[in-house]
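The block underneath contains the structure these notes are about, expressed in structure tokens.
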Amino acid sequence: MIEGILFDMDGVLIDSEPIILRAAHAFFARRGITTREEDFQPFVGAGDRRYLEGVGERYGLTLDFDRDRTELYELYAQAVQEAVSFDGVHDFFFDAKRAGFKVGLATGSERHKALINLAAIGLKEEDFDTVVTGEQVVRNKPYPDIYQLTALSMGLSPEVCLVVEDSIHGVVSAKRACCAVLSLPNSFSSSALAEAGSDVVLDTLSDFGRFSTIEAFNARLKQLIVGNTVVYGANRIDAAPTAITPQLFDEAVAAALESWRNAYAPYSQFKVGAALVSAKSGKVYSGCNVENSSYGATVCAERNAVLHSIAEEGVVGIDLLVVVSDDDPPAPPCALCLQVLSEFCRPETEVHLVDIAYAERRDGVHEVYRFGELLPHPFIFPAMRQL
Ligand code: THU
């Protein structure tokens, strides 16, 4: 449930990218350099220091932003009068305030420029619960620091905040901070913003629609996000579920069997192999049980497969699980493994329990369950429950 909204400024509240671009062109023109718009693209959203110095480096010019900022912002202040806000910004912003959301400004730009911008679009610093600008963090976007700081200074955990962004650096920063992200294709393409991890991309904030309560806002957001993603346990994965073809199923069984052979089970002699199919990539990851002299330090095959997949890909959704054991009936995942799996499985995820004969393609036992049958009531931490 979202309780706070954190706004990026440039390219979200104000169409300032053309303004800073014009100011920067003029800055370089004074030094005899004709810059092109593409020169600046890699630095959009990374703060004005990188924006200016990055392009300077490209042209072999060593700039000192601490000295040159005054000149840049003079040029900026001349141009800003022509700036406009984007469609829907004012309605969305004031709907959010009236509904009772906490609202924060989190901009990598420096305070001086933020205040020029706010004035240009008719907003005041006091309209925000918190204003955090670039100077207040050592590491700018794409690091998560600025969104973490803004959320926490409003007394909210980042998980209950929605960030409104327009840049790739900004989306990455917000996702690393564990915020939900709504992005607007004002500076980058919708597909690039989705690829960077946005939970939802809208053409303009008008497309969100008007709202008057926090509950109505969350219902609308959920509707938009569910359209884009598949929910796996505590995770929304921005990919369609992997189709489990007979070949992929066979590959998973073979991988689980191979891991079963590697199981380290000198104490129980009970070997287990497991394999899962990742929704992100369609790849198969496997694991075996690894026992320990200190019995409680033992890791089961299923958790080992989960750890393996996350070490390779980051968070995954699980579209298939196969567990191989020499037991009759073949062993299901233990309760601890089910709890860990519940973070990444859907209730519909198929869990195939097979014995060695089946895995070796001889006659054998093969049972199929839905994950939700094995663990109908997983515990999901409140902040991670789906919006
Ligand atoms: N084991 C698994 O690997 N997965 C399960 O879900 C059940 C138990 C392993 C742990 C231990 O090495 C052995 O089986 C006996 O408990």
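Number 426 marks the last residue of the sequence shown (our numbering); no jumps.
Backbone N, C-alpha and C define an ideal beta-carbon position, used for all residues, glycine too.
Taking 8 Å as the cut-off, the Cβ atoms of VAL203 and LEU221 count as close.
Residues close to the ligand THU by the beta carbon criterion (under 6 Å to any non-hydrogen atom) are, from first to last along the chain, ALA304, SER307, PHE309, VAL311, ASN328, GLU330, THR337, CYS339, ALA340, GLU341, ALA370, PRO372, CYS373 and CYS376.
Look at HIS208 here: in three-state DSSP terms it is helix. Annotation: CYS376 is outside any beta strand (DSSP E); the continuous alpha helix (DSSP H) that includes it extends over 374-380. Look at the beta carbons and you see the segment 323-341 touching the segment 285-302: at least three pairs across the two are nearer than 8 Å. In this structure, GLY93 keeps its C-beta atom at 8 Å or more from the C-beta atom of SER226. Residue pairing by DSSP places HIS391 opposite VAL361 and VAL407 in a beta bridge. The C-beta separation of LEU52 from SER124 comes to about 6 Å, placing the pair in contact by the 8 Å criterion.
Exposed is the label assigned to SER332, since fewer than 16 other Cβ atoms lie within 10 Å of its Cβ.
One Cα belongs to TYR98, the other to VAL171, and the distance between them is close to 32 Å.
Taking one beta carbon from each stretch, the segment 123-143 and the segment 234-248 have 3 or more pairs nearer than 8 Å; the two touch.
Each residue's CA atom was taken as its position, placing THR189 and VAL177 some 14 Å apart. With fewer than 16 other beta carbons inside 10 angstroms of its own, SER307 counts as exposed.
Cα atoms of ARG401 and ILE395: separation of roughly 9 Å, rounded to the nearest angstrom. Beta bridge pairing from DSSP links ASP49 with ILE53.
Sequence-distant Cβ neighbours of GLN175 in its own chain, meaning closer than 7 Å and more than five residues away, are LEU188. When secondary structure is reduced to three states using DSSP, ILE349 falls in the helix class. Restricting attention to PHE46, TRP299 and GLU399, the CA atom closest to the CA of ALA145 is found in PHE46.
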